[in-house]
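**Q**
Number of protein chains: 2
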Amino acid sequence: MERVVLRYKNSIISGLVINELNDLVTIKSSNGYNLTFDRSEIEFLERKNVEYQNQRKMEEIEKGSGSKKISVLATGGTIASRVDYETGAVSPVSDPELIFGGSDILSKFTISVKPIMNQFSENLRPSDWITIGERVAEESRKADGIVVAHGTDTMSYTASALAFMFEESRTPIIFVGSQRSSDRPSSDSRENIEAAINFASTDFGEVGISMHRSTSDGMVSLIRSVRSRKMHTSRRDAFESIGTPPVGLYDGSIRFLGDYRHVSDNIKFRSTMDDKVALIYFHPALSADDLENMIEGKHAAVIMGTGLGHIARDLIPVLKRFVSNGSYIIMTSQCIYGSTNLNVYSTGRELLSAGVIEAGDMVPEVAYVKTMYLLGQYPHEDFVDLFRKNMRGEILERDQPFESLKLVG
Amino acid sequence: MERVVLRYKNSIISGLVINELNDLVTIKSSNGYNLTFDRSEIEFLERKNVEYQNQRKMEEIEKGSGSKKISVLATGGTIASRVDYETGAVSPVSDPELIFGGSDILSKFTISVKPIMNQFSENLRPSDWITIGERVAEESRKADGIVVAHGTDTMSYTASALAFMFEESRTPIIFVGSQRSSDRPSSDSRENIEAAINFASTDFGEVGISMHRSTSDGMVSLIRSVRSRKMHTSRRDAFESIGTPPVGLYDGSIRFLGDYRHVSDNIKFRSTMDDKVALIYFHPALSADDLENMIEGKHAAVIMGTGLGHIARDLIPVLKRFVSNGSYIIMTSQCIYGSTNLNVYSTGRELLSAGVIEAGDMVPEVAYVKTMYLLGQYPHEDFVDLFRKNMRGEILERDQPFESLKLVG
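Respectively, the protein sequence lines represent chains A and B. The first sequence begins at -16 in our numbering and counts up by one. The second sequence begins at -16 in our numbering and counts up by one.
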């Protein structure tokens, strides 16, 4: 890795070169930002090679004197790493003192950080969800609260998977990530973890996500995992609670805004996932052949249709054949917000006749994880009933029978 | 079709049965709402068959005495149809007097409504975009402004396609839809069309979308088609201008909020589309084989990756092979908001090395339409440069070179 000092316009900037591509040079500057320059606009004043040590230590560290014991399971991602700008070393942040030194966290809690894997979250597969779930189940027999540090990219998928796995939990299970690593001045890492540890000390017996509520500091949301979605690529308040307020807030103290399932004396945990499930985004050039290829060999396909849950009419026979062979088609909407409703237009009614199952207002990615969980756990004859049941708060409760009225009226 | 009168709790409700599925009965009530009942909770007081006439007349109607001539091209969808609750007939709303009687629209404009197709928008294919584009080009030689009435489901796709087709336009081209049909008390149809006709009378020389700004009446947005996205399945303010304010507002008069391309003396119109383009949603169970099947035979694939534009690392070799065979991979983000940035993490840098092209802050569906347009129109050696160029306002302008700083700092 190269350490450089360069001139751009009137500024002298130093940092580590992290990428050179064609005419663009990207450096991580000493104050923690990534900066991209056009090579023709900069002048290098100094370039020197520095040793790059990828020393990701995997040991556990326990610190603090509080009576409540919180286990932080680190899986990787931005929140779990920091770069040393002198040496270029990337290392996991596993010492709670480095994170919480100066705050009262270590007098309130005993915190042990246990790295269980070291992956950017885009690399995690359903088998990793099971590994994480099993480690959480194991830890939750010993600790008062569990925090899972996770990359933000697929955090909603993993956290939703754990929500389905844990029908009952002895402790809160709080996922936390950060949009900007802890070495950046604008990092959200410390606030998100501090909030996560506090949420993990309550009687919230579900799986939640602890992330910034707004772009400014000072307020962190607890979002029910099965209503969460990453809605911005880079902002610190990227995670939203879709269609409903967050369950709780932390701004130094905790305020719950809604009901939740309380911790239980027992753990009810089942972890098998069926990964033969596709998630398909309908688009105007999608042909019947394309669709056939995408669903072949799958046990189910979750489609992100248009509007209330539609696809082009000429694709419906493909779905009908798939369903008649004993597989499942779930319809969600690429609108993200709102609910499917296949009773309004003729396309929707034809989809229902073909045996398509509506996801209602479930978040599309959550409908996908739920499908994998149900097919991995339960007899197939129970699938449709269980899918429609509100198992973990993934469905927003509505009055019946005026459902259609509320949605489209 | 059956006309029924039923009792539900203390209410007597009448309407047309539009669906019966297992234990659920859906009726379109006389006041225009769809209502779904559990069969066990209702009592039928009356059921009688009524004739169902699907009399979609396709004639043109011209009305009004204003000097500005606006052509409304109807393609189908909610905005173009109404149900007669006495007879069950579904017919297009093509008489401007039915729509605008009582307002001053017909004294300000001469409006001709021309049905050019009658399709729910989920059925429209890229070939339909060309048909619509050609009819718009033809009409824009004769009229002062063009309004295209379109189903809302894929309106952003079609309107974006036309935005790329028209490098210059003699008239405004304003798409309009409605989330609730004109026979419903809560319809947004009339306000959206009234605004569209007014927007179509300005010097806005681009392709825009005219839809409700909020759930209440009174304010309609003009959204640049290439920044638009349907973000709610049912709300009247479903369309958002992603990452930037709308170009204009209408609340009885027009206010422009930003710059726009003005109408020109000429039409520059090119309509060929390459429909061998896939739009792929990355998800944790997506295997290398799945991905290979999805891109085989395509000229390009637009991927909706996670976060800043990532996919699981073990899929990258598949993309690399595809690119080395002369095809294109475009990376967008399933976050919808924000920009891709493949320079921040190692996964992103590996994607860049594999030849993946970043879409930056282009809306994923717009990146997809742009890819189809460019591959259909230009020599392939120009693709990358043109794709990165801001052709129609599809890219939000940012300062260079602090792009990365702004995105992730």
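Glycine is no exception: its CB is placed at the ideal position from the N, C-alpha and C atoms.
1) In chain order, what residues of the same chain lie with their CB nearer than 8 Å to the CB of B:Val246, ignoring the 5 residues before and after it?
2) How about B:Ser143 and B:Val96: are their beta carbons less than 9 Å apart?
3) Take the Cβ of A:Lys52 as the centre, count every other Cβ of all protein chains shown within 10 Å, and call the residue buried at 16 or more, exposed below.
4) Between A:Ser329 and A:Leu291, is the Cβ-Cβ spacing less than 9 Å?
5) Closer than 7 Å by C-beta to A:Arg238: which residues in its own chain qualify, once you throw out the five before and the five after it? Chain order, please.
6) Please name the residues in the stretch 79 to 109 of chain A whose beta-carbon is closer than 7 Å to at least one beta-carbon of chain B, in chain order.
7) Can you find the residues in the same chain that come closer than 7 Å, C-beta to C-beta, to B:Ala126, ignoring five residues on each side of it along the sequence?
8) Roughly how many angstroms separate the alpha carbons of B:Met277 and A:Thr141, rounded to a whole number?
9) Residues of chain B with CB under 8 Å from A:Ser316, in chain order?
10) Runs of 3 residues minimum, wholly inside the stretch 212 to 267 of chain B: which ones carry the beta strand (DSSP E) assignment?
11) Within its chain, find whatever has a CB closer than 6 Å to the CB of B:Glu150; leave out the 5 residues flanking it on each side and keep chain order.
12) Kindly list, in the order they appear in chain B, the residues whose Cβ is closer than 7 Å to that of A:Asp136.
13) Please decide whether B:Asn326 counts as near chain A, where near means a Cβ-Cβ distance under 9 Å.
14) Do you know how far the Cα of B:Val346 is from the Cα of B:Ile225?
15) Determine, using beta carbons only, whether B:Tyr351 and B:Ile378 come nearer to each other than 9 Å.
16) Starting from the Cα of B:Arg219, find the closest Cα among B:Ser199, B:Asn324, B:Ile206 and give me that residue.
17) By alpha-carbon positions, which one of B:Arg167, B:Gln162, B:Ser184, B:Pro168 ends up nearest to B:Asn175?
18) If you measure from the beta carbon of B:Phe265 to each beta carbon in chain A, is any gap under 9 Å?
19) I'd like to know whether the C-beta of B:Leu205 is nearer than 9 Å to at least one C-beta of chain A.
20) Alpha carbon to alpha carbon, what distance is there between A:Gly47 and A:Leu89?
21) What beta strand (DSSP E) runs, 3 residues minimum, are completely inside the stretch 292 to 322 of chain A?
22) Taking A:Phe20 and A:Val(-13) to be in contact with their CB atoms under 8 Å, please state how far apart those CB atoms are, rounded to whole angstroms.
23) Identify every run of the alpha helix (DSSP H) within the stretch 148 to 193 of chain B, keeping only runs that are complete inside it and at least 4 residues long; order them along the chain.
24) For A:Tyr351, which three-state DSSP category applies?
25) So, does the stretch 259 to 267 of chain A touch the stretch 281 to 297 of chain A, judging by three or more C-beta pairs under 8 Å?
26) Would you check if the distance between the CB atom of A:Val130 and the CB atom of A:Phe158 is smaller than 9 Å?
27) Name the chain B residues whose beta carbon is nearer than 8 Å to that of A:Thr198?
28) Out of A:Ala57, A:Glu80, A:Asp87, A:Val339, which one is the CA nearest neighbour of A:Met100?
29) With a cut-off of 8 Å, do at least 3 Cβ pairs link the stretch 326 to 341 of chain B to the stretch 292 to 304 of chain B?
30) Excluding the five sequence neighbours on either side, which residues of its own chain have a C-beta within less than 6 Å of the C-beta of A:Lys422, listed in chain order?
31) Would you mind telling me which residues of chain A sit closer than 9 Å to B:Asp258, beta carbon to beta carbon, in chain order?
32) For A:Thr323, collect the residues of the same chain with a Cβ closer than 7 Å to its Cβ; drop the 5 residues on either side in sequence, then sort them by chain order.
33) Going by DSSP, what residue range makes up the beta strand (DSSP E) through B:Val346?
34) Here's the rule: buried if 16 or more other CB atoms are within 10 angstroms of the residue's CB, otherwise exposed. What is B:Gly59?
35) Please identify the residue among B:Gly321, B:Arg22, B:Ser254, B:Ile206 whose C-alpha is closest to the C-alpha of B:Ala120.
36) Kindly list, in the order they appear in chain A, the residues whose Cβ is closer than 8 Å to that of B:Gly321.
**A** In short, the structure shows the following:
1) Ser152, Arg153, Thr154, Pro155, Asp186, Phe187, Gly188
2) no
3) buried
4) no
5) Gly231, Leu232
6) Phe103, Glu105, Asn106, Leu107, Arg108, Pro109
7) Lys52, Ile53, Ser54, Thr154
8) 25 Å
9) Thr216
10) 222 to 224, 231 to 233, 237 to 239, 260 to 264
11) Lys251
12) Thr289, Gly290, His293
13) yes
14) 7 Å
15) no
16) B:Ser199
17) B:Gln162
18) yes
19) no
20) 4 Å
21) 311 to 316
22) No, A:Phe20 and A:Val(-13) are not in contact; Cβ-Cβ is about 10 Å, not under 8 Å.
23) 172 to 182
24) helix
25) yes
26) yes
27) What A:Thr198 touches in chain B: nothing, since even the nearest Cβ is about 12 Å away.
28) A:Ala57
29) yes
30) Lying outside -16 to 392, the shown extent of chain A, residue 422 of chain A is not represented and no answer is given.
31) Pro267, Ala268, Ser270
32) Leu291, Gly292, Met314, Thr315, Ser316, Glu341, Ala342, Gly343
33) Here B:Val346 belongs to no beta strand (DSSP E), and DSSP marks it neither H nor E.
34) buried
35) B:Ser254
36) His215, Thr216, Ser217, Arg218, Ala221
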